[in-house]
Amino acid sequence: MNLKNKTALITGSGIRLGKAIALALADRGVNLAIHYNSSKKQAEEVQNLAKQKGVKAELFQADLSDLTAIEPFFDQVHTDLGQVDILINNASVYTSGSGMNTNASTLNATFSLNLFAPILLTRKFALQLPEDKNGKVINISDAKTFVTKKDHFAYRLTKYALNQMTRMFALELAPRITVNAIAPGIMLPLAGFEHIDMDELAEQRIPLKMTGSPEIVVENVIHILRQDFMTGSIITVDGGESLL
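For the sequence shown, the working numbering gives the first residue as 4, with consecutive numbering after it.
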């Protein structure tokens, strides 16, 4: 896909990885639908930076864990920016707890944002795309899906399912729409855990003895978007952590 003058919707694009993806696409001439839930100030900063790069950039607020909000949210994006060529399902919530102590409310919230919202957005994306046009969907998964552990029960389940959703939609939406996923490993410290020594963590847990970065994920996003013979793939970007 030639990226210049295409339009991308990136969920959760006001902060962290979503911000990095949005600005990298703006560098390549992609117009942006910048989605945020509560990070309005940060999203406005991304919008300003993107506009300085000469692309259209509009803000869209939505709580994607409220599944009734998804259709009007996507419709507003389409009304304001026209055809959406690229969908990047990035927004998610990282919930803790094992299978025995994760309550129903946490399960519902985690599944709604991490899995059900990407499904519904992918459907809306496919339906709005004209029959003579091609599109790209990228789901942001997690390298944790390749290792079975009992922690972060709801989160892990949703990312396992997101991988399978990627493959199933890749089959269903071919040949006009490709659907792929990226499964990052350790990239950034989580909010509230900024005190963690990332280099020490990498030394203990990652064969390549280094942590990743949003920029590494961005490189893989751009690679996928430029491929026309790639669909149903899940790219693991974790320095080999999932091999252990």
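We treat Cβ as the ideally placed atom computed from N, Cα and C, and that holds for glycine.
Looking at the backbone, the Cα of ASN8 and that of GLU244 are separated by about 37 angstroms.
The C-alpha of LYS212 is placed about 27 angstroms away from the C-alpha of ASN183. Looking from the CA of LEU165, the closest CA among ASP200, ILE122 and HIS38 belongs to ILE122. In the structure shown, VAL58 adopts coil according to DSSP, grouped into three states.
Looking at the DSSP output, ILE238 bridges to ILE185. Distances from the alpha-carbon of ILE73 to those of ARG159, ASP202, PHE128 and LEU228 put PHE128 closest. In the structure shown, GLY21 adopts helical secondary structure according to DSSP, grouped into three states. In the DSSP assignment, VAL140 is bridged to LEU90 and VAL182. Pairing ILE227 with VAL240 gives a Cβ-Cβ distance that is not under 7 angstroms. Secondary structure at ILE13: strand, using DSSP grouped into helix, strand and coil.
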